[in-house]
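Student:
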Amino acid sequence: MLLRLLTSAAAAVLGAQLVKIISRLVYRRLYSPFRYMPGPPNPSLIYGNFQRLSQAQYGPTFKFHTLLSATQLYTIDTVALHHIVNSGDIYQRSPVVRVNMTQLLGRGLLAVEDDEHTKLRKIMSPAFGITQIRELTRLFVDKSLELCDVWARQTSDESGWTRIEVAGDLKRTTLDIIGLAGFDYEFNALKGDKNNELDAAFKQLFLNRNARKFTVAMLRARFPLLRKILPAPKRIVGARRRMDGIGMQLLQDAKAAISSGEKDTDTGRRDLLSLLVKANMSAEITESQRLNDAVVVAQLPTFFVAGHETTSTATAWALYALSQHPGVQDKLRAELLTMGTESPSLDALNALPYLEKFVREVMRVHSPVVFTNRMAMKDDVIPLGTPYTDTRGVQHDSIAVTKGQSFWVPVAGVNRDPRIWGADATEFKPDRWDAVPDAASAMPGIYANLFTFLGGPHNCIGWRFSLAEMKSLIYTLVRNFEFQLAVAPDEICTSKTAVQRPMLVAEPEKGMQLPMLVRRVQA
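Read in the UniProt record's numbering, the sequence shown has 522 at position 522, and its numbers run on one by one without any break.
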């Protein structure tokens with residue numbers, strides 16, 4: 001009897017929620033301020049028309065629909081994007097994104113906003129400063145050389161080509177790097193350790209979800225009631241519990257090492273966690289600004305996500321670009337071989353002009369993060385550099401938005417916008433950086449007239465870390481090996497996710513893959 005009553009009550013509440021959703025959809029269709037904004041037709045009230053995005057057809061600013069036909073605005077207008085990314089008090093990650101981030105990562109930097117975000121950034125920023133990255137570059141190069149040793153053993157015939165799935169090895173390399181650089185932890189992924197408890201927990205968190213599981217996760221995040229009825233998956237709860245336990249032990253070890261003076265050395269191997277702990281213990285930090293242990297531990301998964309997969313993905317695309325442009329590969333290798341050392345400093349890497357141009361072009365054409373999301377926390381008016389014309393023929397030079405309006409921030413779309421980069425915007429040309437178009441100066445990004453690392457108060461805190469790690473890998477690998485694609489280019493596709501991973505068209509279920517033919521550099 002009690003179970004029947006509870007079931008009826010739950011059904012009644014869900015029914016009320018459904019009526020509320022339908023009412024909102026009808027209201028938006030009839031009275032939305034964006035009902036006349038151009039955009040693709042919406043064939044599904046449930047799934048929207050996300051797959052029909054077409055900037056070329058609808059212009060730089062238009063609307064589209066996502067799950068449950070929620071209206072999202074899409075713009076690559078740099079004036080609008082500058083306003084959005086620099087108004088961190090107004091435009092923030094949506095509650096749905098924050099709920100999902102918190103479930104996966106805890107209350108790390110990627111999951112918080114407002115004063116909590118400001119406090120975390122203030123304490124964490126020194127760990128990602130240029131001085132620290134200079135010291136970490138030694139580790140980046142050492143691990144890159146270790147990867148070279150792995151490939152050298154596979155390419156024992158110096159004159160022949162060997163097929164290697166490079167994406168997996170790059171992920172293992174960056175995993176080892178973030179373990180040591182992030183929290184002084186040995187994953188030993190390049191050595192083939194497959195029984196690492198922390199690595200296993202991370203993999204459980206980010207297992208590929210099918211469409212049904214993804215939809216359920218989004219609905220749980222969207223409706224608080226469903227989070228009470230539908231518990232979080234056991235694999236996520238268990239993985240988070242194991243991660244938090246290991247993280248707390250790493251934190252206590254870091255505190256003990258700092259107290260004993262062990263971490264305060266001149267070796268340059270101070271990890272990000274130790275620097276965060278040291279900053280948090282500083283006398284200059286007030287008690288109200290100090291982070292408790294749970295918040296510090298919550299940053300470890302953030303370090304892992306931000307410092308691991310995106311860099312390995314970007315480096316995989318760099319090798320892909322080299323395989324498709326042999327002249328670029330030869331020119332880059334010639335520059336790198338002028339260096340008389342296998343272990344360059346960060347300043348030496350940054351002084352190589354063609355390497356810099358090449359990395360910039362990789363980050364422009366193959367930005368690892370394709371898009372991000374923002375939501376208006378209050379009413380606002382967004383200026384436009386390029387007015388849009390609505391379906392009635394009326395021109396608009398701004399967008400009046402109301403609280404709760406979501407925005408699709410198309411990182412890759414801005415980086416490849418022909419209005420900024422010209423008719424050849426989608427082509428890979430490192431030498432374009434010899435004469436950067438004037439229009440690129442309006443890009444609201446933190447690095448090199450690109451939007452790859454965003455801008456404003458939510459810019460990527462680890463952008464220097466990522467670039468130094470990527471340059472170290474490219475420097476070491478290209479000096480020692482030549483690269484060709486092992487399959488036809490049309491057999492490679494990109495994942496339909498926020499992180500643009502290379503995959504095989506025939507094996508999308510296997511995730512990121514990039515098979516290449518590799519051989520040692522010929523004398």
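By construction, the Cβ of each residue, glycine as well, lies at the ideal position given by its N, Cα and C atoms.
Expressed to the nearest angstrom, what Euclidean distance is found between the alpha-carbon atoms of Asp347 and Ile130?
Tutor: Between Asp347 and Ile130, the C-alpha separation is close to 10 Å.
Student: I think Leu175 touches His308, with their Cβ atoms under 8 Å apart; what is that distance to the nearest whole Å?
Tutor: With a Cβ gap of about 6 Å, Leu175 and His308 count as contacting.
Student: Could you pull out every residue in the same chain whose Cβ sits closer than 8 Å to the Cβ of Met243, ignoring the five residues on either side in sequence?
Tutor: Cβ neighbours of Met243 beyond the five flanking positions: Leu198, Ala201, Phe202, Leu205, Leu300 and Pro301.
Student: In the DSSP assignment, the alpha helix (DSSP H) including Leu251 goes from what residue to what residue?
Tutor: Unbroken alpha helix (DSSP H) run through Leu251: Lys234 to Ser260.
Student: Taking the alpha helix (DSSP H) that Trp151 belongs to, which residues open and close that run?
Tutor: Ile130 to Gln154 is the extent of the alpha helix (DSSP H) around Trp151.
Student: Can you tell me whether Thr452 is buried or exposed, with buried defined as 16 or more other CB within 10 angstroms of its CB?
Tutor: Per the 10 Å Cβ criterion, buried.
Student: What are the boundary residues of the beta strand (DSSP E) that includes Gly385?
Tutor: Gly385 -> beta strand (DSSP E) spans Asp380 to Thr389.
Student: Tell me whether residue 525 sits in a helix, a strand or coil according to DSSP, three-state version.
Tutor: Residue 525 falls outside the range modelled here, since the chain spans only 1 to 523, and no answer is possible.
Student: Could you work out which residue in Arg121, Lys331 and Pro383 is closest to Arg290 when comparing CA atoms only?
Tutor: Taking only the C-alpha atoms, the option nearest Arg290 is Arg121.
Student: Could you tell me how far apart the beta carbons of Ile84 and Arg479 are, in whole angstroms, since I believe they sit closer than 8 Å?
Tutor: The pair is not a contact, with the Cβ atoms about 41 Å apart (cut-off 8 Å).
Student: Give every residue of the same chain whose Cβ lies closer than 6 Å to the Cβ of Pro444, excluding the five residues on either side of it in the sequence, and list them in chain order.
Tutor: So the qualifying residues of the chain are Leu81, His82, Val85 and Gly455.
Student: Please state whether DSSP places Ile76 in a helix, a strand or coil.
Tutor: Correct three-state label for Ile76: coil.
Student: Short of 8 Å in beta carbon distance, which residues of its chain neighbour Asp397, apart from the five on each side in sequence? Order them along the chain.
Tutor: The residues are Pro383, Leu384 and Pro387.
Student: What does DSSP give as the partner residue(s) for Asn373 in the beta ladder?
Tutor: For Asn373, which the question treats as bridged, DSSP gives the partners Trp408.
Student: Pull up the distance between the alpha-carbon of Met516 and that of His366, whole angstroms please.
Tutor: So the alpha carbons of these two residues sit roughly 18 Å apart.
Student: With a threshold of 7 Å on Cβ separation, who are the neighbours of Val155 within its own chain once the five nearest residues in sequence on each side are excluded?
Tutor: One detail in the question is off: residue 155 reads as Thr in this sequence, not Val. Same-chain partners within the cutoff: Thr162, Val518, Arg519 and Arg520.
Student: According to DSSP, is Val499 part of a helix, a strand, or is it coil?
Tutor: In the structure shown, Val499 sits in a strand (DSSP, three-state: E or B).
Student: Can you say whether Ala423 is buried or exposed, counting buried as having 16 or more other CB atoms within 10 angstroms of its CB?
Tutor: It is exposed - the Cβ of Ala423 has fewer than 16 other Cβ atoms within 10 Å.
Student: Looking at the structure shown, is Leu272 part of a helix, part of a strand, or coil, going by DSSP?
Tutor: Of the three classes helix, strand and coil, the one that applies to Leu272 here is helix, per DSSP.
Student: Going by beta carbon distance, what residues of the same chain come within less than 7 Å of Gly59, once the five residues before and after it are set aside?
Tutor: Taken in chain order, the residues that qualify are Pro38 and Tyr388.
Student: When the distance is taken between beta carbons, is Thr118 closer than 9 Å to Pro410?
Tutor: Contact flag unset, no.
Student: Taking the beta carbon of Thr267 as the centre, do at least 16 other beta carbons fall within 10 Å, making it buried, or is it exposed?
Tutor: Reliability fails at Thr267, whose pLDDT of 47 lies under 50, so the model's placement of it is uncertain and the value that follows must be treated cautiously. The residue is exposed, with fewer than 16 neighbouring Cβ atoms inside 10 Å.
Student: Suppose the cutoff is 6 Å on Cβ atoms and the five residues either side in sequence are ignored; what does the same chain contact list for Ala189 look like?
Tutor: So the list reads Arg172, Leu175 and Asp176, once near-sequence residues are dropped.
Student: Quick one, which of Leu273, Tyr185, Leu109 and Asn350 has its alpha-carbon nearest Pro457's?
Tutor: It is Leu109 whose Cα lies nearest to the Cα of Pro457.
Student: Looking at Ile420: is its Cβ nearer than 9 Å to the Cβ of Ala400?
Tutor: Cβ distance not < 9 Å, so Ile420 and Ala400 don't count as in contact.
Student: Per DSSP, what kind of secondary structure is Leu2 in: helix, strand or coil?
Tutor: A caution first: Leu2 carries a pLDDT of 49, below 50, which makes its placement in the model unreliable, though a value can still be read off. Of the three classes helix, strand and coil, the one that applies to Leu2 here is helix, per DSSP.
Student: Locate the beta strand (DSSP E) running through residue 538, then write down its first and last residues.
Tutor: Past the edges of the chain, shown from 1 to 523, lies residue 538, and the structure says nothing about it.
Student: Taking a contact to mean a Cβ-Cβ separation below 9 Å, would you say Val362 touches Met470 in this structure?
Tutor: Cβ distance < 9 Å, so Val362 and Met470 count as in contact.
Student: How about Gly359 and Leu467: do their beta carbons lie closer than 9 Å?
Tutor: Note that residue 359 is Val in the sequence shown, not Gly. Contact: yes.
Student: Along the chain, where does the alpha helix (DSSP H) that runs through Ser472 open and close?
Tutor: Note, Ser472: alpha helix (DSSP H), Trp463 to Asn480.
Student: Sort Arg240, Phe303 and Ala498 by Cα distance to residue 563 and report the nearest one.
Tutor: With the chain running from 1 to 523 in the structure shown, residue 563 is simply not present.
Student: Put Leu485 into one of helix, strand or coil per three-state DSSP.
Tutor: Three-state DSSP puts Leu485 in a strand.
Student: What is the C-beta distance between Leu337 and Tyr475, in whole angstroms, given that I count them as a contact (C-beta under 8 Å)?
Tutor: Actually they do not touch by this definition, with Cβ atoms about 10 Å apart.
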